[in-house]
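Its first residue numbered -12, the sequence shown is counted upward by one per residue in our numbering. Quick notes on the structure that follows.
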Amino acid sequence: MAAQDSIERVIEQHRESGRFFTAGGVRSFALDCGTGEPVVCMHGVPTSSFLYRKVVRELASQGMRGISFDFPGLGLADRPEDFDYSFSGLASFSGAAADALGLDSFHLVVHDIGGPVGFAMAADMPERIKSITILNTWVNVEDFTKPLPMRPFEAPVLGEAELALMNHATWSFAFSSVAVADATGIPEEEVEAYIDLLKRGDGGKAFLKIMRGFDHSPAFRERCYRAVQNVPYPLQAIWGVQDPGLKYEKYGKEIQTVTGLPYIHQVAGKHLLQEDHWKFIALQIAGLAGTGSRSLAAGAGR
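If you want it as structure tokens, here you go:
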């Protein structure tokens, strides 16, 4: 395990790499790197903008402006007790964040719960979306079932007990066995920083509210579908096909069916594919936007 001061240095470096802003009355944090066409990268749980730290730097090297902000309750964002932590509440915050960051139009990248949240936001402001890149997520919220390791968080008492078991040691094991295909080269202090960013300030109470606020309604499903069907902007999907929770055979193919995409870029990654396939992801985003130096072929490597 990494020393605590090493983890704190990683978080401080992360903080120094971005800036704080206020949207919808909530103070949050955003990585904001580069110039050119903006790309908003939306994270999921139990992560934050920290997950995209390598992606946004690579986007900057491709002549774009990489942006990733923290949802309320996660990362370096505030955790107000009275905030609406539902998908709709997070989508409303995300729209306000785009305004606060001065983004008249932008490319969108979504992952995990950032998928339904981002789709809902895009459905509300389609004229501002320039493209959507979809990473391991889901769109048919009505039929979605949480992967087994995430289900305990739904229940009172059991969720609190499961959260208490999330520490540096257990997260490090999950990270190397479930989250990434190749953890070599990722420093321990960066891996363990995820937990400190998750529990910062409130011990993870806001995270539990998010986990208990998933929207499975038909109306919200249709709202998500509006963001990816018959839209004026291009779409693409990149999938870590070794993801043990959001499996390609179910959720990847669901995305392909709903969007009508002819193919999905498949990489030998797991759920947090931003950690070991950041270059490929950034290249594909830039390629879809028409601003990158090159775009890798469909289904190519990392």
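Glycine included, C-beta positions come from ideal geometry on N, C-alpha and C.
In this structure, the CA atom of residue 155 is about 40 Å from the CA atom of residue 277.
Per DSSP, the continuous beta strand (DSSP E) segment holding residue 253 begins and ends at 252 to 254. In terms of CA proximity to residue 257, 229 leads the group 229, -9 and 242. DSSP, reduced to helix, strand and coil, places residue 19 within a strand of the structure shown.
Within the same chain, Cβ atoms closer than 6 Å to the Cβ of residue -7 are found at 176, the five residues on either side in sequence being excluded. Assignment of residue 13 by DSSP, reduced to helix, strand and coil, places it in the strand class. Residue environment: residue 259 is assigned as buried (16 or more neighbouring CB atoms within 10 Å of its CB, all protein chains considered).
Counting only the Cα atoms, residue 110 lies some 24 Å from residue 8. Between residue 270 and residue 49, the C-beta gap is smaller than 9 Å, which places the two residues in contact. DSSP links residue 93 through a beta bridge to 116.
In the DSSP assignment, residue 26 falls outside any alpha helix (DSSP H) and within the unbroken beta strand (DSSP E) covering 25 to 29. Note: residue 52 is bridge-paired with 25 in the DSSP secondary-structure output. When only Cα atoms are considered, residue 100 and residue -10 end up about 31 Å apart. Annotation for residue 223: the continuous beta strand (DSSP E) segment containing it runs 222 to 227. With at least 16 other beta carbons inside 10 angstroms of its own, residue 108 counts as buried.
Beta-bridge pairing by DSSP links residue 6 to 17.
Residue pairing for residue 122: DSSP places it in a beta bridge opposite 225.
CA-CA distance, residue 122 to residue 226, rounds to 6 Å. Linking residue 153 to residue 52 through their CA atoms gives a straight-line distance of about 34 Å. With a contact defined as Cβ atoms closer than 8 Å, residue 63 and residue 184 qualify at about 7 Å.
Inter-residue distance for residue 241 and residue 126 is about 8 Å (C-alpha atoms, whole angstroms). A buried status is given to residue 223, since no fewer than 16 other beta-carbon atoms sit within 10 Å of its beta-carbon.
Assigned with DSSP and collapsed to three states, residue 205 falls in helix. Its Cα nearest to that of residue 136, the residue 232 stands out among 192, 232 and 202. Here residue 145 has 139 as same chain residues with Cβ atoms under 6 Å from its own Cβ, once five neighbours each way along the sequence are excluded. The three-state reading of DSSP puts residue 182 in helix, counting H, G and I together.
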